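Novice:
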Amino acid sequence: MKFILNTAVAFALVAFVSSLPVHVKRAVDPALVPEFGVQPGDNPTGTGDCDGITNSQEVVKIPCSCPPDRKSFIESLSANVAAGHVINNPSVLVTFPTDNSKASRIVRIQAAVVTLQNLRGPGVGCPAASTTFLAQQKAIASEPDTPSPPAPAPPGPTRSNITPSTSTSGNQVPLVNATLVPDLGHQAGLNPDGHGNCDGITNAQGKVIKVPFACPPNRESFIQARYENVAAGKAVHNPSVAVSFPTDESKDSLATRIEAAIITLQNLRGPGVGCPASSTTLAVSTSVASNPSHLPCTRHS
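Read in order, the letters of the sequence shown correspond to residues 1307 to 1607 in the numbering used here.
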């Protein structure tokens, strides 16, 4: 009798659980995910570098493991879209609209770019130059605009978070407080390998990450680029990416300022054309910002 009772209870539980709604996180539609346009392992140099895209001057060298296989990339992208941010770099928001408007196609490629650049950690992944994503984004941006409802204008810089510009021209650029701009924490030109690469930061596995010889930029030009982005409320060279610069010392504001620095760094000369986060300690600073009691990233000079 006891066995029959236990069996009946078990069947009742199965029936109850089966009746519960199942919430499944849907993967993004692979048909909407842009193709890489580059194959990994092309023309290896023997030092871990292979050929990526060709820029206006030369073939860009990239890690031979880049780009990743499409299946694992789509899985990473789907996870980021489901979370609403890059899982390995939570301060970077991710959206993936599915309509065919010009703006939505640009945003989808941007989601692919940030997923690619943060595959294994903040700024630790594959460079945009291991794909044709930026060329695709540029081609879309050059298409005629499609009618869309006007978006609300972003709030302009306030007196609390800017200092007056010293420019004497009519087009003055509001300046952010330079003491709140995190240090890049690294210098350019370390240990050149003769192929245009130098040493960047050391990752969690103890491996030195190779970065372009000219990265990071000098602090003066970097701060100027940051000023322009903050004044515009977006990355000037990648307008789909918003930029803000709160000035209080809250954890969220510290992380937002560091993220603004990373966005500026990665888009210095065009959409995704700049320096990788691994040419600086900014990604490390993002982690440190979660502990407001210790803030080496806001050195006052």
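In this text, a Cβ means the ideal position worked out from N, Cα and C, and glycines have one as well. Since the structure is predicted, the reported quantities are computational estimates derived from the model, not experimental observations.
Spatial neighbours of N1535 within its chain, please: C-beta separation below 6 Å, excluding the five flanking residues on both sides.
Specialist: Cβ within range, chain order: A1541, V1542, V1549 and T1570.
Novice: Based on the DSSP secondary-structure assignment, which residues constitute the bridge partners of G1427?
Specialist: Partner(s): V1430.
Novice: Would you give the residue range spanned by the alpha helix (DSSP H) that D1558 belongs to?
Specialist: K1557 to Q1572 is the extent of the alpha helix (DSSP H) around D1558.
Novice: Quick check on E1364: buried or exposed, where buried means 16 or more other Cβ atoms within 10 Å of its Cβ?
Specialist: The residue in question, E1364, is exposed, as its Cβ has fewer than 16 Cβ neighbours within 10 Å.
Novice: The beta strand (DSSP E) with L1399 in it runs from where to where?
Specialist: L1399 -> beta strand (DSSP E) spans N1395 to L1399.
Novice: Thinking just about the alpha-carbon of each residue, which of S1556, A1484 and L1496 is nearest to the one in A1531?
Specialist: Of the candidates S1556, A1484 and L1496, the one whose C-alpha sits nearest the C-alpha of A1531 is A1484.
Novice: Roughly how many whole angstroms lie between the Cα atoms of A1385 and L1588?
Specialist: The alpha-carbon atoms of A1385 and L1588 are separated by roughly 24 Å.
Novice: For L1490, collect the residues of the same chain with a Cβ closer than 6 Å to its Cβ; drop the 5 residues on either side in sequence, then sort them by chain order.
Specialist: Excluding sequence neighbours, L1490 sits near P1522 and T1586.
Novice: Report the three-state DSSP secondary structure of K1444 (helix, strand or coil).
Specialist: The answer is helix: DSSP assigns K1444 an H, G or I state.
Novice: Around the Cβ of H1501, are there at least 16 other Cβ atoms within 10 angstroms (buried) or fewer (exposed)?
Specialist: When all chains shown are included, H1501 counts as exposed.
Novice: List the DSSP bridge partners of G1576.
Specialist: Paired residues: V1579.
Novice: Report yes or no: do the segment 1425 to 1443 and the segment 1408 to 1415 share at least 3 C-beta pairs separated by less than 8 Å?
Specialist: Cβ pair count under 8 Å is three or more, so yes.
Novice: For N1573 and V1547, which I take to be in contact (beta-carbon distance under 8 Å), what is that distance rounded to the nearest angstrom?
Specialist: That belief holds up - the Cβ atoms of N1573 and V1547 are roughly 7 Å apart, short of 8 Å.
Novice: Mapping DSSP to helix, strand and coil, what is T1485?
Specialist: Three-state DSSP puts T1485 in a helix.
Novice: So what's V1419 in DSSP terms, helix, strand or just coil?
Specialist: Reduced to three states, the DSSP call for V1419 is helix.
Novice: Sorted by chain position, which residues of the same chain lie with C-beta nearer than 7 Å to G1495's C-beta, five sequence neighbours on each side aside?
Specialist: Same-chain partners within the cutoff: C1504 and F1519.
Novice: Please classify K1513: does DSSP put it in a helix, a strand, or coil?
Specialist: In the structure shown, K1513 sits in coil (DSSP, three-state: anything other than H, G, I, E or B).
Novice: Would you mind stating whether D1357 and I1368 have Cβ atoms separated by less than 9 Å?
Specialist: Yes, these two residues count as a Cβ contact at 9 Å.
Novice: Return helix, strand or coil for A1435, following the three-state DSSP convention.
Specialist: A1435 falls in the helix class under three-state DSSP.
Novice: Mind reading off the beta-carbon distance from I1380 to A1333? Whole number of angstroms is fine, and I expect it under 8 Å.
Specialist: Going by Cβ atoms, the distance from I1380 to A1333 rounds to 7 Å, so yes, they are a contact pair.
Novice: Quick check on DSSP: helix, strand or coil for S1382?
Specialist: Helix.
Novice: Below 9 Å between beta carbons: does that hold for V1398 and V1430?
Specialist: No. Outside cutoff.
Novice: With H, G and I counted as helix, E and B as strand and the rest as coil, what does DSSP make of P1336?
Specialist: Here P1336 sits in helix by DSSP.
Novice: So the candidates are V1366, L1422, P1373 and P1403; which of them puts its Cα closest to the Cα of I1393?
Specialist: Looking at the Cα atoms, L1422 is the closest of the given residues.
Novice: Among residues of its own chain, excluding the 5 on either side of I1568, which ones have a beta-carbon nearer than 6 Å to its beta-carbon?
Specialist: Result list for I1568: A1583 and L1588, in chain order.
Novice: Go through the segment 1519 to 1562 residue by residue and report every complete run of the beta strand (DSSP E) that reaches 3 residues or more, in order.
Specialist: Whole beta strand (DSSP E) segments, 3+ residues: 1544 to 1548.
Novice: Out of G1390, F1342 and K1408, which has the shortest C-alpha to C-alpha gap to K1377?
Specialist: Comparing Cα positions, the closest option is F1342.
Novice: Our contact map puts S1382 next to L1425 with C-beta atoms below 8 Å; I'd like the distance itself, whole angstroms only.
Specialist: That pair is a contact at about 6 Å.
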